[in-house]
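What follows is a short report on a single structure.
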Amino acid sequence: MKNIVIEAGSLLCYAIETLNYERVLHPFFTSTFKNGEQKFEQFKDLSYESSIPKAIEAFHSNCSDADGGIVIYPAEIEENNKRLPVIIVMIKEYSQNRHLTIAQHYTLKDGHYSPALYELLDFSLFLADELRDLEQAFLAGTETYARLHKITEA
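Next up, the structure:
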């Protein structure tokens, strides 16, 4: 599970970077395999009402018989009667049927999207003891991506 979570952190950075360069984030799904291979699918439709369900369906169906899956898509969360933009990151280790769902808040400042606080929305109960380690793995993935792509905080 740790390797999938590291990859999810890296893909989250990719999503924010995509949002900054393209100003739109299309939902995408990544399958991960034990041999290190990955399969990436992006879902571009006329609306999110169509593309997001397709990405989530790909995540749940695991048609590639992958070891892990990560789906990332834009969404909004309501807090204090306000709708706030987030990026949803759903992570699943298929063989153990373990999952995490994270909402990454972000802000727009000076024309640049930056990650803010993230929150854990859902997780497999038997992951409760591993959550601190998985959080560190997630952060390690974001840091690795940022370092490899020379991204700095705005």
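For the sequence shown, the numbering used here begins at 1 and goes up steadily by one.
Idealized CB from N, CA, C, for every residue including glycine.
Option in P53, H60, L12, G36 with minimal Cα separation from S114: L12
Go ahead and pull the three-state DSSP assignment for A128. helix
Using a Cβ distance threshold of 8 Å, determine whether the region 101-113 contacts the region 2-21, with at least three qualifying pairs required. yes
Cα-Cα separation, E143 to G36: 20 Å
Beta-carbon spacing of L33, A58 below 7 Å: This sequence places Phe at residue 33; Leu is not what is there. No.
Where does the unbroken alpha helix (DSSP H) through A58 begin, and where does it stop? 48-61
Beta bridge counterpart(s) of G111 as assigned by DSSP: None, per the DSSP bridge assignment.
With distances taken between CB atoms, is the gap from V5 to A137 smaller than 7 Å? yes
Buried/exposed call for E78, threshold 16 Cβ in 10 Å: exposed
If we count Cβ pairs, one from each stretch, closer than 8 Å, do we get three or more for the region 89-106 versus the region 36-46? no
Could you spell out where the alpha helix (DSSP H) holding Y14 opens and where it closes? 2-22
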